[in-house]
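Numbering (the working numbering), first residue to last: 106 to 388. Take a look at the structure below.
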């Protein structure tokens with residue numbers, strides 16, 4: 106089978122499985138299998154593939170046709186200009202979460218104290234992207250999933266940032282005693298359990314449920330984070346939290362004016378409130 110034939114076969118198989126951009130995905134999967142980019146595939150479309158390469162290509166095609174996310178198949182995802190290892194134990198980093206990172210970086214780069222905390226580290230993409238862009242910053246980050254922590258540790262080592270981050274097994278702040286933090290960032294499980302069935306099949310059947318939902322109305326963990334963040338932040342410290350598209354009003358109601366000031370909603374590129382920002386009042 107030549108590369109051109111393999112690409113046609115792969116595109117047809119993925120099209121029949123209703124995979125969007127099936128031709129592009131087939132090319133990306135073949136490139137992954139043979140270790141070449143798309144330009145090489147185009148320039149060498151008459152190249153004969155070996156039996157092992159065809160076997161591996163068919164295997165990854167079957168996985169993608171079952172709607173397993175492309176990122177889990179190849180084991181990586183780019184985020185904020187960095188490459189992160191991803192496994193089914195962690196959420197796949199998404200472009201909209203870069204908004205959270207951008208504001209965190211801007212905040213810390215203007216502060217003298219650059220100690221921050223992340224709740225729910227997952228792959229480590231948020232904390233590690235911040236550390237890579239804020240000199241002298243340090244972080245403590247936790248997650249309830251031991252398997253997720255292993256992925257985060259590996260990404261920290263790969264990026265050479267392991268000396269500036271402490272990664273712990275923790276249910277929100279349970280195992281973290283730090284006080285006087287300048288920033289707390291989090292992308293918590295905010296999807297209501299009743300809404301899980303409406304998510305893309307790639308998300309609802311393959312990404313970790315514990316990172317998607319609190320198994321309630323989506324506001325339970327958010328409420329705990331807001332309540333507990335107040336005593337962890339220094340006066341004037343900031344909370345940045347990604348929220349669901351319909352959660353801006355209930356989340357704002359949790360941010361009591363005697364505790365929080367300068368409450369802002371930061372929209373994504375579609376104009377949907379994506380990140381809530383709040384500053385802890387001075388004691």
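Built from N, CA and C at the ideal position, the CB exists for glycine as well.
*By a C-beta neighbour count over all protein chains shown, 10 Å radius and 16 as the cutoff for buried, is residue 390 buried or exposed?*
For the chain, the structure presents residues 106 to 388; residue 390 sits outside this window and is missing.
*Distance, residue 158 Cα to residue 164 Cα*: Taking the first residue of the chain shown as position 1, residue 164 is located at position 59. Taking the first residue of the chain shown as position 1, residue 158 is located at position 53. Going by the C-alpha atoms only, they are around 10 Å apart.
*Compare the beta carbon distance of residue 343 and residue 280 with 8 Å and say whether it is the shorter of the two.*
Here residue 343 corresponds to residue number 238 of the chain shown, with the count starting at 1. Here residue 280 corresponds to residue number 175 of the chain shown, with the count starting at 1. For residue 343 and residue 280, no; Cβs fall outside 8 Å.
*The alpha helix (DSSP H) spanning residue 157 covers which residue range?*
To locate residue 157, count along the chain shown from 1; it is residue 52. 156 to 170 is the span of the alpha helix (DSSP H), which, as asked, contains residue 157.
*Identify whether residue 50 lies in helix, strand or coil by the three-state DSSP scheme.*
Residue 50 lies beyond the residue range present for the chain, which begins at 106 and ends at 388; the question has no answer from this structure.
*Where does the unbroken alpha helix (DSSP H) through residue 359 begin, and where does it stop?*
For this step, residue 359 is matched to residue 254 along the chain shown. Taken as a continuous stretch (DSSP letters only), the alpha helix (DSSP H) holding residue 359 covers 353 to 359.
*Looking at C-alpha atoms only, which residue of 142, 230, 283 is the closest neighbour of residue 258?*
For the purposes of this step, residue 258 is taken as residue 153 along the chain shown, with counting starting at 1. The shortest C-alpha separation from residue 258 is found at 230.
_the region 328 to 335 touching the region 355 to 371, judged by at least three CB pairs closer than 8 Å_ = Contact between the region 328 to 335 and the region 355 to 371 is present, because at least three Cβ pairs lie under 8 Å.
*asked:* At the level of alpha carbons, what is the spacing between residue 211 and residue 205?
replied: Position 106 of the chain shown, counting from 1, holds the residue named residue 211. Position 100 of the chain shown, counting from 1, holds the residue named residue 205. Here the alpha carbons of residue 205 and residue 211 stand approximately 10 Å from one another.
*State buried or exposed for residue 194, treating a residue as buried only when at least 16 other CB atoms are found within 10 Å of its CB.*
Within the chain shown, numbered from 1, the residue matching residue 194 stands at position 89. Per the 10 Å Cβ criterion, buried.
*To the nearest whole angstrom, what separates the beta carbons of residue 293 and residue 346, a pair I think is in contact under 8 Å?*
Taking the first residue of the chain shown as position 1, residue 293 is located at position 188. Taking the first residue of the chain shown as position 1, residue 346 is located at position 241. Separation of the CB atoms of residue 293 and residue 346 is rounded to 7 Å, and the pair is thereby assigned contact status at 8 Å.
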